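**Student:** As numbered in the numbering used here, residues 50 to 170 make up the sequence shown, in order. Provided herewith is a single structure, encoded as structure tokens, for subsequent inquiry.
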Amino acid sequence: MIHTKSQPIVTRELSAPRQLVFEAWTQPKHLRNWMFSKKAFTCEYVSADITPRGAFLHKMTAPNGHEMWLLTKYEAVNPQLIWEPVSPTQAEAAVFEASRDQHSSSWDEGLDQLVAYCETL
Numbered sequence: 050m051i052h053t054k055s056q057p058i059v060t061r062e063l064s065a066p067r068q069l070v071f072e073a074w075t076q077p078k079h080l081r082n083w084m085f086s087k088k089a090f091t092c093e094y095v096s097a098d099i100t101p102r103g104a105f106l107h108k109m110t111a112p113n114g115h116e117m118w119l120l121t122k123y124e125a126v127n128p129q130l131i132w133e134p135v136s137p138t139q140a141e142a143a144v145f146e147a148s149r150d151q152h153s154s155s156w157d158e159g160l161d162q163l164v165a166y167c168e169t170l
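Written as structure tokens, this is what we have:
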């Protein structure tokens, strides 16, 4: 866990059953419809094993064609959908901290997309 003076906290309440939200958060068929940081981005899931000790690999593509790859490894999967980096390397922690100010706006937009997507299901 990364300890800092200020931890961004982003929350959303959805008018959807908890199981549906959990599936939207953990299944590639749903993730590709909402899990990207900005509306104009696209997202491609290469692999997704969102289970304890599993991992997922995906690529976000910006409107200008810039590609960003993300590999996420899971020690546990919490149905309450709480996320934080666990045991990052020093380099990973430095990147996370350097971009901390951008996290809330990206997550705000991403979670707004989750709300809109769940309303279509």
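Glycine included, every Cβ here is placed at the ideal spot set by N, Cα and C. Small disclaimer: the values here were computed from a predicted structure and weren't measured.
Report all residues from its chain with a CB closer than 8 angstroms to the CB of Ala174; omit the five preceding and five following residues, and keep chain order.
**Tutor:** This structure cannot speak to residue 174, because the chain is shown only from 50 to 170.
**Student:** Grab the span of the beta strand (DSSP E) containing Ala97 for me, first residue to last.
**Tutor:** To locate residue 97, count along the sequence shown from 1; it is residue 48. Element bounds for Ala97: 91-97.
**Student:** To which residues of the same chain is Phe105 closer than 7 angstroms at the C-beta, ignoring the five residues directly before and after it?
**Tutor:** Position 56 of the sequence shown, counted from the start, is the residue given in the question as residue 105. For Phe105, where only same-chain residues beyond five positions count, the Cβ hits under 7 angstroms are Tyr94, Ser96, Ala97, Asp98, Ile99, Thr121.
**Student:** Run through the DSSP bridge pairs and tell me what Leu80 is partnered with.
**Tutor:** Taking the first residue of the sequence shown as position 1, residue 80 is located at position 31. Answer is none; Leu80 lacks a bridge partner.
**Student:** Using DSSP with H/G/I as helix, E/B as strand and the rest coil, what is Ala104?
**Tutor:** Counting from 1 along the sequence shown, the entry for residue 104 is found at position 55. Strand, per DSSP.
**Student:** Counting along the chain, where does the beta strand (DSSP E) carrying Glu72 start and finish?
**Tutor:** As a first step, residue 72 is located in the sequence shown; it is residue number 23 there, counting from the start. No beta strand (DSSP E) holds Glu72; the alpha helix (DSSP H) holding it covers 67-75.
**Student:** Start and end of the beta strand (DSSP E) containing Glu116?
**Tutor:** Against the sequence shown, residue 116 aligns to sequence position 67. Per DSSP, Glu116 belongs to the beta strand (DSSP E) from 116-122.
**Student:** When DSSP labels each residue in this structure, what does Thr169 get in the three-state scheme?
**Tutor:** Position 120 of the sequence shown holds residue 169. In the structure shown, Thr169 sits in a helix (DSSP, three-state: H, G or I).
**Student:** Give a yes or no on whether the C-beta atoms belonging to Leu170 and Trp83 are separated by under 8 angstroms.
**Tutor:** As a first step, residue 170 must be located in the sequence shown, where it is residue number 121. As a first step, residue 83 must be located in the sequence shown, where it is residue number 34. The answer is no: Cβ separation not under 8 angstroms.
**Student:** Assuming contact is defined by CB atoms lying nearer than 8 angstroms, are Cys167 and Ala73 in contact in what I supplied?
**Tutor:** The sequence position of residue 167 within the sequence shown is 118, counting from 1. The sequence position of residue 73 within the sequence shown is 24, counting from 1. In this structure, Ala73 lies closer than 8 angstroms to Cys167 by Cβ.
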